[in-house]
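>
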Amino acid sequence: MIEMIINAYKSKLEANPKLAVREARVILSKELGIGITTISNTLSEYRNFKTVSSPNKTIIFKNIYVKCSIEPNCIFPGSFLGAVNPTGKGRRLIVCHISSEDGFVSDSLLCFESKKNTNDYHDEMNGDSFRDWLEGVLPRLKDNAVIVMDNAPYHSVKLEKCPISNWRMADIIQWLQGKGEVVDQTMIILELLEVLPPYHYELNPIELVWSVVKRHVKANNKTFKLPDVKNLLVERIAKVNAEMWKNFVKHTIEEENKF
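So the sequence shown is numbered by full-length UniProt numbering: it starts at 1 and just counts up by one.
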């Protein structure tokens, strides 16, 4: 697909060397039937680096969903019969998993107890920790899998930073234009930042699975001890089968169609 986009773009440029990127992406999206965001990202990388990375992990219709969660012991407040909630103080479970409509990827669960008695977990679950886990998981994925993640800071240690509210307006505009966005020069900073795509948790089926797992732990947690919480977590994850995943993915697609 990437080669098809680049070849089509080169063909358009040969026919019209003055063709603007914003015009090219609209034309290519219509002619190739590919989403304009995919076209824009591909052209942007090609224009910046004269090449486009094409790892053998990309399939248009097979998404892989990642979820990281840092769960304090208070997130599992015992049974529904009225067990007293513990405080949020103390060590936490750091959990990360990856899945598709076929179910969780085997041997990919990361679950460990935090070593520090603190509310700030980023020194234990950070970009380096996440990258180490992800690099171990990638060989287990089917060819050409699209990985879907949320905006957790440790998910995206970027070579290039995204605009935030304290950026200068000129820098935000330059960044957006470099990605092929058509920018209204009259926009204020907050309006410019809205051009960036939001994360919609309701469009990631792993969020639904995570709710099921956490409800199980909540309903069966009697001791509030982290080893027992971990056992409940692993127990419920093992019972999330491919049929459940297909139903969650189907529900997510139905939600997506509402946008």
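From the three backbone atoms N, C-alpha and C, an ideal C-beta is built for every residue, glycine too.
Around the Cβ of V229, are there at least 16 other Cβ atoms within 10 angstroms (buried) or fewer (exposed)?
Around the C-beta of V229, 16 or more other C-beta atoms lie within 10 Å, and the residue is accordingly described as buried.
> Taking C-beta to C-beta, are residue 260 and S114 nearer than 9 angstroms?
The question about residue 260 has no answer, for the chain in this structure spans 1 to 259.
> On the DSSP bridge assignment, give the partners of G103 in chain order.
S100
> I need the straight-line Cα distance from E255 to E202, nearest angstrom please.
7 angstroms
> Alpha helix (DSSP H) containing L226: first to last residue?
L226 to I237
> If contact is defined by three or more beta carbon pairs under 8 angstroms, each pair taking one atom from either stretch, is the stretch 10-24 in contact with the stretch 143-154?
Note that the stretch 143-154 does not touch the stretch 10-24; fewer than 3 beta-carbon pairs, one per stretch, sit closer than 8 angstroms.
> Measure the C-alpha to C-alpha separation of N221 and L109 and round it to an integer number of angstroms.
20 angstroms
> Compute the Euclidean distance between the alpha carbons of L190 and A170, then round it to the nearest angstrom.
13 angstroms
> Under the assumption that M4 contacts L32 (Cβ atoms under 8 angstroms), give the Cβ distance between them as a whole number of angstroms.
7 angstroms
> Determine the closest residue to M125 out of A145, C96, G103 and V137, with distance taken between C-alpha atoms.
C96
> In angstroms, rounded to a whole number, what distance separates the CA positions of A145 and T37?
17 angstroms
> Under the assumption that S29 contacts G180 (Cβ atoms under 8 angstroms), give the Cβ distance between them as a whole number of angstroms.
Not really, about 11 angstroms apart at Cβ, beyond 8 angstroms.
> Going straight from the alpha carbon of residue 261 to that of I173, what length do you get?
For the chain, the structure presents residues 1 to 259; residue 261 sits outside this window and is missing.
> Comparing C-alpha positions only, which one of S211, E207, L233 and A8 sits nearest to F112?
The candidate whose alpha carbon is nearest that of F112 is L233.
> Tell me, please, which residues DSSP counts as bridged to L110.
C96
> Quick one: grab the DSSP three-state call for V240.
coil
> Check whether the Cβ atoms of V240 and V209 sit closer than 9 angstroms, and answer yes or no.
yes
> For G178, name the three-state secondary structure that DSSP assigns.
helix
> With 16 other CB atoms within 10 Å as the buried threshold, where does S106 fall?
Exposed is the label assigned to S106, since fewer than 16 other Cβ atoms lie within 10 Å of its Cβ.
> Which of the three DSSP states, helix, strand or coil, is assigned to M169?
helix
> Using the Cβ count rule (16 or more neighbours within 10 Å means buried), how would you classify residue 264?
This structure leaves residue 264 out entirely; the chain is present only between 1 and 259.
> Applying the 10 Å Cβ sphere with the 16-neighbour rule, what's the burial state of E101?
buried
> Near V213, which residues of its chain fall below 8 angstroms by C-beta distance, leaving aside the five closest residues on each side in sequence?
Taken in chain order, the residues that qualify are L233, R236, I237 and V240.
> If distances are taken between C-alpha atoms only, which option among S211, I34, V137 and K258 comes closest to F248?
S211
> Does DSSP put K18 in a helix, a strand or coil?
coil
> Should T223 be labelled buried (16 or more other beta-carbon atoms within 10 Å of its own) or exposed?
Exposed, because fewer than 16 other Cβ atoms sit within 10 Å of the Cβ of T223.
> With a cut-off of 8 angstroms on the beta carbons, I'd call L226 and R91 a contact; round off their distance for me.
6 angstroms
> Return the chain-ordered list of same chain residues with a C-beta closer than 6 angstroms to the C-beta of W245, the five sequence neighbours on each side being excluded.
In the same chain as W245, and ignoring 5 residues on each side of it, the C-beta atoms closer than 6 angstroms to its own belong to E101 and G103, in chain order.
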